[in-house]
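J.:
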Amino acid sequence: MPVYKLFPIDPDGKITGVGSEYEFDSDGDARVRGESVVAKGDYVEIWRGDKKIFSRAPRV
């Protein structure tokens, strides 16, 4: 399974902390996880290696 890193980001899209590693079956599964994090009100970016898979801030 590919390893992905989830990074907290600020409202301007800048990474604000150390990433946490997760394994997902696919980029699509990683995006689903990203959407669930955003739904809880957090800002997040997800990377697989040097490829950004997901970046979204909560809608206000």
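When we follow my numbering, the leftmost residue of the sequence shown carries the number 556, and every step to the right adds one. Don't be surprised by glycine CBs; every beta carbon is placed ideally from N, CA and C.
#1: What is the rounded straight-line gap between the Cα of residue 611 and the Cα of residue 571?
#2: Go ahead and label residue 585 buried or exposed: buried means 16 or more other beta carbons lie within 10 angstroms of its beta carbon, across all protein chains shown.
#3: Name the DSSP beta bridge partners of residue 608, please?
#4: What are the start and end residues of the beta strand (DSSP E) that includes residue 573?
#5: Considering Cα atoms alone, identify which of 573, 604, 566 is closest to residue 598.
T.: Looking at the atomic coordinates:
#1: Going from the Cα of residue 611 to the Cα of residue 571 covers about 14 angstroms.
#2: Buried, because 16 or more other Cβ atoms sit within 10 Å of the Cβ of residue 585.
#3: Paired residue(s): none; residue 608 is not in a bridge.
#4: Per DSSP, residue 573 belongs to no beta strand (DSSP E) and is neither H nor E.
#5: Of the candidates 573, 604, 566, the one whose C-alpha sits nearest the C-alpha of residue 598 is 566.
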